[in-house]
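First comes the structure, then the notes that go with it.
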Amino acid sequence: MELIAECVNKTIDKKIILSNVNLKLCSGKIYGFVGRNGSGKTMLFRALSGLMSIDSGTVTLDGKILHKDFDVLPELGIMIENAGLYPQLSGFDNLKRLSSIRKKADDNIIREYIKTVGLDPDDKKPFRKYSLGMKQRLVFAQAIFEDQKILMLDEPTNAMDDSGVQMVRSILLERKKDSIILIASHNHEDIDMLADEKYRVSNGQFIKEE
Amino acid sequence: MKNVIILCKDKCIYLIAVLSGIVLMLPFAGSNEAVKTEYYLCAFSFALLGQNISYIVQFISHFIPLFIIQFYWGISLYKSFCVASIYVFSRRNHRVKWALRELWMLLLKTVIFIAAVIVPAFIMLTLSSHAVTDINTVKHAVWMFIMLSLYSFEMIALINLLAFFLESGVAFAIVQIINMLSIAVYLLSVNLKIDESIILEFNLFSRLMVEPDIDIWKVSVSLLYFLIPSVIISLLIVRAVKKTQFTKSIYEGDV
Numbered sequence: 129m130e131l132i133a134e135c136v137n138k139t140i141d142k143k144i145i146l147s148n149v150n151l152k153l154c155s156g157k158i159y160g161f162v163g164r165n166g167s168g169k170t171m172l173f174r175a176l177s178g179l180m181s182i183d184s185g186t187v188t189l190d191g192k193i194l195h196k197d198f199d200v201l202p203e204l205g206i207m208i209e210n211a212g213l214y215p216q217l218s219g220f221d222n223l224k225r226l227s228s229i230r231k232k233a234d235d236n237i238i239r240e241y242i243k244t245v246g247l248d249p250d251d252k253k254p255f256r257k258y259s260l261g262m263k264q265r266l267v268f269a270q271a272i273f274e275d276q277k278i279l280m281l282d283e284p285t286n287a288m289d290d291s292g293v294q295m296v297r298s299i300l301l302e303r304k305k306d307s308i309i310l311i312a313s314h315n316h317e318d319i320d321m322l323a324d325e326k327y328r329v330s331n332g333q334f335i336k337e338e
Numbered sequence: 005m006k007n008v009i010i011l012c013k014d015k016c017i018y019l020i021a022v023l024s025g026i027v028l029m030l031p032f033a034g035s036n037e038a039v040k041t042e043y044y045l046c047a048f049s050f051a052l053l054g055q056n057i058s059y060i061v062q063f064i065s066h067f068i069p070l071f072i073i074q075f076y077w078g079i080s081l082y083k084s085f086c087v088a089s090i091y092v093f094s095r096r097n098h099r100v101k102w103a104l105r106e107l108w109m110l111l112l113k114t115v116i117f118i119a120a121v122i123v124p125a126f127i128m129l130t131l132s133s134h135a136v137t138d139i140n141t142v143k144h145a146v147w148m149f150i151m152l153s154l155y156s157f158e159m160i161a162l163i164n165l166l167a168f169f170l171e172s173g174v175a176f177a178i179v180q181i182i183n184m185l186s187i188a189v190y191l192l193s194v195n196l197k198i199d200e201s202i203i204l205e206f207n208l209f210s211r212l213m214v215e216p217d218i219d220i221w222k223v224s225v226s227l228l229y230f231l232i233p234s235v236i237i238s239l240l241i242v243r244a245v246k247k248t249q250f251t252k253s254i255y256e257g258d259v
């Protein structure tokens with residue numbers, strides 16, 4: 129798989145969010161994005177995924193054009209900071225409701241993934257009562273439980289304890305061979321350890337670090 | 005099958021519909037008068053209520069089932085953009101297809117709701133009064149059913165559409181203000197110093213009325229009066245769904 133962004137620009141309320149972004153992202157690699165809050169990391173994920181339109185430029189996946197051939201990238205697993213799940217539903221019910229859209233994961237797979245991220249699939253507690261770390265684990269589970277091949281993870285280890293951080297790292301390294309993985313993080317250790325290519329983000333510009 | 009499950013989820017609201025229809029018809033149930041059934045059924049479409057402010061209580065009470073449905077499904081489509089929206093729409097590859105399906109389901113649910121208001125009440129009236137039921141009664145009930153369904157769908161769709169641009173509470177309030185103004189203008193129309201027929205030509209509730217002696221021209225025009233805006237609003241909703249950008253999390257709480 130090859131995800132290409134060419135000359136992508138986006139301005140919101142006269143503020144440049146993405147400025148002439150050119151990226152070539154391939155399966156088998158993890159791409160790390162580091163930068164200050166508001167530098168454009170999350171907006172890049174929204175633009176590349178199709179959740180946000182772009183003013184100019186193109187995003188293509190294996191030659192197919194985003195917003196023309198599809199509304200969002202197929203096989204996308206995304207995790208956006210502060211974007212929650214259904215607050216009134218339990219972890220299992222949340223994933224079950226989401227799985228009804230693509231119909232790729234049955235109850236057993238959902239249970240298995242909830243266990244994988246260190247949560248209890250039989251826990252009836254609603255999402256809104258989860259601790260921050262538990263919420264983060266469940267949101268991570270929703271990004272991977274349908275065997276998604278394009279992962280865009282915004283601060284995936286935020287608020288997680290050491291075991292959570294290790295779990296995320298090992299799953300991503302395992303998934304790396306047949307997926308395109310993008311990680312935005314303040315945590316330099318995550319990026320240094322996981323990323324094959326690193327980009328520094330500043331004012332909507334993406335500069336590759338050698 | 006999936007559609008049936010979705011429709012069954014709302015069984016509580018259909019029960020309310022049945023009860024409100026029966027309650028509205030209760031005053032006529034024990035009647036010994038040999039009146040045509042459509043004269044009683046008219047209560048649902050506000051016909052035969054006079055143009056006088058003293059009718060306001062009847063008007064409002066007949067409006068209650070329509071208000072309930074607008075309250076219940078008013079933001080049913082829009083709320084998909086409020087909770088877990090990023091994780092839902094990152095999985096939906098064709099938003100237009102989704103929006104069309106949602107609108108179709110909304111229309112279907114509205115039609116079932118209106119049927120749940122009218123049909124049991126109609127049966128109860130037929131069995132418990134001396135009212136005369138003939139082919140004209142059925143014709144009248146069908147027209148009324150179509151008109152009420154279209155009106156309700158139009159209002160529900162309008163709340164959903166406005167919610168995309170305003171806060172959902174504001175969207176609901178605007179539509180209720182339109183409803184209340186329409187009722188007020190209808191009731192006061194004879195007192196206004198403007199040509200009454202012109203005012204009533206564009207009045208929501210005047211258009212909703214299906215009188216016992218059906219004027220086929222009037223009901224056909226009324227049908228278009230509700231049908232055309234419904235189609236336009238639906239197209240605008242599809243456009244809004246297509247154009248919505250997830251530049252930030254839209255979150256209005258647990259709606």
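The listed protein sequences correspond, in order, to chains A and B. Under this note's numbering, the first residue of the first sequence carries the number 129, and numbering increases by one thereafter. Under this note's numbering, the first residue of the second sequence carries the number 5, and numbering increases by one thereafter. All residues carry an ideal CB built from backbone N, CA and C; glycine is no exception. Note that the structure is predicted; figures quoted are calculated from it, not measured.
Practice task
Answer yes or no: do Glu274/A and Glu209/A have a C-beta to C-beta separation smaller than 9 angstroms?
Solution key: Within the first sequence, numbered from 1, the residue matching residue 274/A stands at position 146. Within the first sequence, numbered from 1, the residue matching residue 209/A stands at position 81. In this structure, Glu209/A does not lie closer than 9 angstroms to Glu274/A by Cβ.
Handout entry: Any C-beta of chain B under 9 angstroms from that of Leu179/A
Key = One-based indexing of the first sequence puts residue 179/A at position 51. Yes, because at least one Cβ of chain B sits closer than 9 angstroms to the Cβ of Leu179/A.
Handout entry: CB contact below 9 angstroms: Asn183/B versus chain A
Key = In the second sequence, counting from the first residue as 1, residue 183/B sits at position 179. It does not; no Cβ of chain A falls within 9 angstroms.
Practice task
Give a yes or no on whether 9 angstroms exceeds the smallest Cβ distance from Ile144/A to chain B.
Solution key: By 1-based counting over the first sequence, the position of residue 144/A is 16. False, the Cβ-Cβ gap to chain B never drops below 9 angstroms.
Handout entry: Below-9 angstroms beta-carbon distance, Ile90/B vs any chain A residue
Key = The residue labelled residue 90/B in the question sits at position 86 within the second sequence. Yes - at least one Cβ of chain A is within 9 angstroms of the one on Ile90/B.
Practice task
Have a look at Ile73/B and Gly160/A and give me their C-alpha separation to the nearest angstrom.
Solution key: Numbered from its first residue, the second sequence carries residue 73/B at position 69. Numbered from its first residue, the first sequence carries residue 160/A at position 32. Whole-angstrom Cα-Cα distance: 49 angstroms.
Handout entry: Endpoints, beta strand (DSSP E) assigned at Ser330/A
Key = Here residue 330/A refers to the residue found at position 202 when the first sequence is read from its first residue. Per DSSP, Ser330/A belongs to the beta strand (DSSP E) from Glu325 to Ser330.
Handout entry: Cβ shell of Leu151/A (< 6 angstroms), same chain only, five flanking positions each side left out
Key = Here residue 151/A is taken as the residue at index 23 of the first sequence, counted from 1. Ala133, listed in sequence order.
Exercise for the section: Please check the pair Phe209/B and Tyr190/B, which I expect to be a contact at CB under 8 angstroms, by giving their CB distance rounded to whole angstroms. Expected result: The sequence position of residue 209/B within the second sequence is 205, counting from 1. The sequence position of residue 190/B within the second sequence is 186, counting from 1. Contact holds; Cβ gap of about 5 angstroms.
Handout entry: Cβ of Tyr241/A within 9 angstroms of any chain B Cβ
Key = Position 113 of the first sequence, counted from the first residue, corresponds to residue 241/A. Closer than 9 angstroms: no.
Problem - Pair within 9 angstroms by beta-carbon distance, Ile90/B and Phe250/B - result: The sequence position of residue 90/B within the second sequence is 86, counting from 1. The sequence position of residue 250/B within the second sequence is 246, counting from 1. Cβ distance < 9 angstroms, so Ile90/B and Phe250/B count as in contact.
Handout entry: Whether Leu301/A touches Leu281/A by CB criterion (9 angstroms)
Key = Taking the first sequence and counting its residues from 1, the one referred to as residue 301/A is at position 173. Taking the first sequence and counting its residues from 1, the one referred to as residue 281/A is at position 153. Against a cut-off of 9 angstroms, the Cβ pair of Leu281/A and Leu301/A comes out as no contact.
Practice task
Just confirm the distance between the C-beta atoms of Gly185/A and Lys263/A, as a whole number of angstroms; I'd bet it's less than 8 angstroms.
Solution key: Translated into positions along the first sequence, residue 185/A becomes position 57. Translated into positions along the first sequence, residue 263/A becomes position 135. So it is not a contact: roughly 34 angstroms between Cβ atoms.
Handout entry: Complete runs of the beta strand (DSSP E) confined to the region 206 to 273 of chain A [at least 3 residues]
Key = Restricting attention to beta strand (DSSP E) runs no shorter than 3 residues, the region 206 to 273 of chain A encloses none.
Handout entry: Within-9 angstroms CB hit, Glu256/B to chain A
Key = Locating residue 256/B in the second sequence gives position 252, where the first residue counts as 1. With a pLDDT of 49 at Glu256/B, under the threshold of 50, the modelled position of that residue is not reliable, and the figure given next carries that caveat. No, no contact with chain A.
Handout entry: Contacting positions in the region 194 to 208 of chain A - beta carbon closer than 7 angstroms to chain B
Key = Phe198, Asp199, Val200, Pro202, Leu204, Ile206 and Ile208
Problem - Proximal residues of chain A, C-beta to C-beta of Asn97/B below 7 angstroms - result: Working through the second sequence from its first residue, we reach residue 97/B at position 93. The answer, in chain order, is Phe198, Asp199, Val200 and Pro202.
Problem - Span separating the alpha-carbon of Phe126/B from that of Trp108/B - result: For this step, residue 126/B is matched to residue 122 along the second sequence. For this step, residue 108/B is matched to residue 104 along the second sequence. Going by the C-alpha atoms only, they are around 26 angstroms apart.
Handout entry: N-terminal and C-terminal residue of the beta strand (DSSP E) that Gly163/A is part of
Key = As a position in the first sequence, residue 163/A is number 35, starting the count at 1. Its beta strand (DSSP E) spans residues Lys157 to Gly163.
Exercise for the section: Apply the 10 Å Cβ neighbour rule to Phe93/B and answer buried if 16 or more other Cβ atoms are within range, or exposed otherwise. Expected result: Against the second sequence, residue 93/B aligns to sequence position 89. So Phe93/B counts as buried.
Handout entry: Residues, ordered as in the chain, of the region 243 to 276 of chain A that lie near chain B by beta-carbon distance below 7 angstroms
Key = Gln270
Handout entry: 7 angstroms Cβ cut-off: residues of chain B touching Gly156/A
Key = Walking along the first sequence from the start, residue 156/A turns up at place 28. Going along chain B, no residue has its Cβ under 7 angstroms from Gly156/A, so there is no contact; the nearest lies around 22 angstroms.
Practice task
Report yes or no: do the region 153 to 167 of chain A and the region 304 to 322 of chain A share at least 3 C-beta pairs separated by less than 8 angstroms?
Solution key: yes
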